[in-house]
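A quick write-up on the structure given underneath.
There are 2 protein chains.
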Amino acid sequence: MAAPDNKPTSVDSSRAASRCAQVLDAAAECFRLKGFHGASMADISRTAGMSAGHIYNYFDSKDAIIGGIVKRELREIMANIESLEAAPDTFHAMIEHADEGMNRSLDTRSSALKLEVLVESTRNAELATLVHEADRAALARLCELIRKGRGDRPALPEDELFARAELLIATFDGLRIRALRNPQLNQDAILQVLRQQLDRLLND
Amino acid sequence: MAAPDNKPTSVDSSRAASRCAQVLDAAAECFRLKGFHGASMADISRTAGMSAGHIYNYFDSKDAIIGGIVKRELREIMANIESLEAAPDTFHAMIEHADEGMNRSLDTRSSALKLEVLVESTRNAELATLVHEADRAALARLCELIRKGRGDRPALPEDELFARAELLIATFDGLRIRALRNPQLNQDAILQVLRQQLDRLLND
């Protein structure tokens, strides 16, 4: 229901956002269960409880949907970084909240989807570009967070700053793989060593 | 060509091993390019240059082939650990050869295959069991390597030993994901920080 001048009202745009989210949730579930190629638009439509025609109002292809999943993932990462930016002591907050980051990494359902998207990006140049762009934005913001968090300490050389950020992300990403390979991993023991590792990566 | 008593001769078994490897290489390539579900036995047969009937002498299904890939991967990991066990100073060797481990992690072709196998294991209970068993064996051997490497130092509590091993593997596994997300990562800078991180995980 568009306004008379055909510009969307805020009610329309919030409804559209919620429909988009509904499609992305359904697609995420289908891609996870059947793989990107195994999941059809009909599966997504059934899971979302929306007609395929209705879905095409928001996304014109499965490629557009998987792209939407990458963009949503970036927004979530940015929101996490934003909440750390707002903390009075950034590094303390990062180490303190390492359990939340670890729990996200140990969520095997979300990891299966992320890995499915990543594997598909190795076969789909357009998706790869989107994944690389999203990563560049997130990495730059994390580096900025670390730079600020170091406060008055001597600045790290740019290469080292990026390398530390890379290894910080690699550790959490690697835990996704660990959780899939070893369902019995000892979370409490890992959290303790993880916090020491973060402390050194950030404060040394 | 079996020997008269029908036991395979060493020539037969070495030929069989080489045919198996040929099938696994071809399948790895097909799974990487088309995904496990997208790749057919016909694709694997064409890529291997062997008839499907001949392949069925060694593997009775695509599931058996992907299982063979997991077992081969485990043998490779065990061989890497074995060469570290043979080093006069284990931890020095692990840190010194971190570049080789990192280069394996940055090989995006092999990572795409490993992630494809891992994602498929979330949908295939039998494959998941195989992945978990292989991981348990590799993790136990890595823990044993770290235990011995610590020599006369006070023994680490068992939980902490496993947690350190988990984070060591997570770091290298995470770099697989990083290389797929960020093709421009600075390998030299990362290697330097990685070596510091290994030093602390092993020696602290």
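Just so you know, the sequences run in chain order A and B.
With our numbering, letter number 105 in the first sequence gets 105, and the count goes up by one each step, no holes.
Our numbering runs 1000 ahead of the 1-based position in the second sequence.
Just so it is clear, CB atoms sit at the ideal spot from N, CA and C, and this is done for glycine as well.
Open item on the list: Please report the distance separating the alpha-carbon of P1004/B from that of V1011/B.
Closed with: The predicted model places P1004/B with a pLDDT of 47, which falls under 50 and marks its position as unreliable; any figure quoted below should be read in that light. Each residue's Cα considered, the two are about 14 Å apart.
Task: Through-space distance from A1134/B to A1002/B, alpha-carbon basis - done: Low confidence applies to A1002/B: its pLDDT is 39, below 50, so where it sits in the model is not reliable enough to give any reading.
- [ ] Taking only beta-carbon positions, decide if D1188/B is within less than 9 Å of chain A.
- [x] So, interface residue.
Open item on the list: Considering only their Cβ atoms, is the gap separating L118/A from I1177/B smaller than 9 Å?
Closed with: Cβ distance < 9 Å, so I1177/B and L118/A count as in contact.
Open item on the list: Closer than 7 Å between beta carbons: that is the criterion. Which residues of the stretch 156 to 171 of chain A meet it against chain B?
Closed with: Residues of the stretch 156 to 171 of chain A with a Cβ closer than 7 Å to any Cβ of chain B, in chain order: D159, E160, F162, A163, R164, E166, L167, I169, A170, T171.
Open item on the list: Does chain B have any CB closer than 9 Å to the CB of A2/A?
Closed with: Per-residue confidence for A2/A stands at a pLDDT of 39, beneath the threshold of 50, marking its modelled position as unreliable; the derived number appears in the next sentence. Judged by the 9 Å Cβ criterion, A2/A is not in contact with chain B.
Task: Given E1126/B as reference, the closest of M1094/B, D1204/B, H1054/B, G1067/B once Cα atoms are compared - done: Out of M1094/B, D1204/B, H1054/B, G1067/B, the CA that lies nearest to the CA of E1126/B is found in G1067/B.
Task: Touching by the beta-carbon criterion (3+ pairs, under 8 Å), the stretch 96 to 106 of chain A and the stretch 54 to 68 of chain A - done: Judged by Cβ distances under 8 Å, the stretch 96 to 106 of chain A makes no contact with the stretch 54 to 68 of chain A, as fewer than three pairs qualify.
TODO: Using a Cβ cut-off of 8 Å, pull out every chain A residue sitting near E1116/B, in sequence order please.
DONE: Neighbours of E1116/B across chain A, judged by C-beta separation under 8 Å: V119.
- [ ] Would you identify the three-state DSSP class for N203/A, choosing helix, strand or coil?
- [x] Reduced to three states, the DSSP call for N203/A is helix.
Open item on the list: Please report the distance separating the alpha-carbon of R1200/B from that of P157/A.
Closed with: Near 21 Å, if we compare the C-alpha coordinates of P157/A and R1200/B.
- [ ] Give the C-beta separation of L1185/B and E166/A to the nearest angstrom, bearing in mind that I take them to be a contact with Cβ-Cβ under 8 Å.
- [x] Your pair L1185/B and E166/A checks out as a contact, with CB atoms roughly 6 Å apart and the cut at 8 Å.
- [ ] Would you check if there are 3 or more beta carbon pairs closer than 8 Å linking the stretch 1030 to 1048 of chain B to the stretch 1074 to 1090 of chain B?
- [x] They do not touch, by the three-pair rule.
Task: Buried versus exposed, by CB contacts within 10 Å (16 or more), A1140/B - done: With a threshold of 16 other beta carbon atoms within 10 Å, A1140/B falls short and is exposed.
TODO: Could you tell me which chain A residues have their CB closer than 7 Å to the CB of D1135/B, listed as they occur along the chain?
DONE: What D1135/B touches in chain A: R181, N182.
Open item on the list: I need the straight-line Cα distance from L106/A to V1131/B, nearest angstrom please.
Closed with: Answer to the nearest angstrom: the Cα atoms are 17 Å apart.
- [ ] Kindly say whether R104/A, judged by its beta-carbon, lies nearer than 9 Å to any beta-carbon of chain B.
- [x] Judged by the 9 Å Cβ criterion, R104/A is not in contact with chain B.
TODO: Taking H1132/B as the query, report the chain C residues whose CB atoms sit under 8 Å from its CB, ordered along the chain.
DONE: The structure shown has no chain C; the protein chains it does contain are A and B.
TODO: Examine chain A for any beta-carbon lying closer than 9 Å to the beta-carbon of L1194/B, and answer yes or no.
DONE: It does: the Cβ of L1194/B has a partner Cβ on chain A nearer than 9 Å.
Open item on the list: Going by beta-carbon coordinates alone, are E85/A and L145/A separated by less than 9 Å?
Closed with: By the CB criterion at 9 Å, E85/A and L145/A fall inside the cutoff.
- [ ] Label T1122/B either buried or exposed according to how many other C-beta atoms from any shown protein chain fall within 10 Å of its C-beta, with 16 as the threshold for buried.
- [x] Buried: at least 16 other Cβ atoms inside 10 Å.
Open item on the list: Helix, strand or coil for A176/A? Go by DSSP, reduced to three states.
Closed with: In the sequence on display, residue 176/A carries Arg and not Ala. Three-state DSSP puts R176/A in a helix.
Open item on the list: Contact criterion: CB-CB distance below 9 Å. Does H1097/B meet it with respect to chain A?
Closed with: The beta-carbon of H1097/B is placed no less than 9 Å from the nearest beta-carbon of chain A.
Open item on the list: Taking 8 Å as the limit between beta carbons, can you name the residues of its chain near E116/A, skipping five residues before and five after?
Closed with: Result list for E116/A: F31, R32, G35, F36, in chain order.
Open item on the list: I need the straight-line Cα distance from T1108/B to P154/A, nearest angstrom please.
Closed with: Each residue's alpha carbon lies about 35 Å from the other.
Task: Where Y1058/B falls: helix, strand or coil (DSSP) - done: Here Y1058/B sits in coil by DSSP.
- [ ] Could you tell me which chain A residues have their CB closer than 7 Å to the CB of G1035/B, listed as they occur along the chain?
- [x] Within 7 Å Cβ-Cβ: G35, H37.
- [ ] Determine the direct distance from the alpha carbon of T1171/B to that of R195/A, and round the result to whole angstroms.
- [x] Computed Cα separation, rounded: 14 Å.
Task: Per-residue burial, E120/A [other beta carbons within 10 Å of its own, 16 or more giving buried] - done: The residue in question, E120/A, is buried, as its Cβ has 16 or more Cβ neighbours within 10 Å.
- [ ] Evaluate K1114/B with the Cβ neighbour count: other Cβ atoms within 10 Å of its Cβ, from every protein chain shown; 16 or more gives buried, anything less gives exposed.
- [x] Classification for K1114/B: buried.
- [ ] Please work out which residues of its chain come closer than 8 Å, Cβ to Cβ, to D1152/B, disregarding the five sequence neighbours upstream and downstream, and give them in chain order.
- [x] Nothing listed; no residue qualifies.
TODO: Taking G1049/B as the query, report the chain A residues whose CB atoms sit under 9 Å from its CB, ordered along the chain.
DONE: The premise fails here: G1049/B is roughly 23 Å from chain A at the closest Cβ pair, so nothing lies under 9 Å.
TODO: With a 10 Å radius around its C-beta and 16 neighbouring C-beta atoms as the bar for buried, classify T90/A as buried or exposed.
DONE: Buried, since its Cβ has 16 or more Cβ neighbours within 10 Å.
- [ ] Starting from the beta carbon of R1177/B, find every residue of chain A whose beta carbon is closer than 9 Å, and list them in chain order.
- [x] Checking the displayed sequence, the identity of residue 1177/B turns out to be Ile instead of Arg. Residues of chain A with a Cβ closer than 9 Å to the Cβ of I1177/B are, in chain order, K114, L115, L118, I169, A170, D173, G174, R176, I177.
Task: Option nearest Y1058/B by Cα separation, candidates G1174/B, L1191/B, H1092/B, V1023/B - done: Of the candidates G1174/B, L1191/B, H1092/B, V1023/B, the one whose C-alpha sits nearest the C-alpha of Y1058/B is V1023/B.
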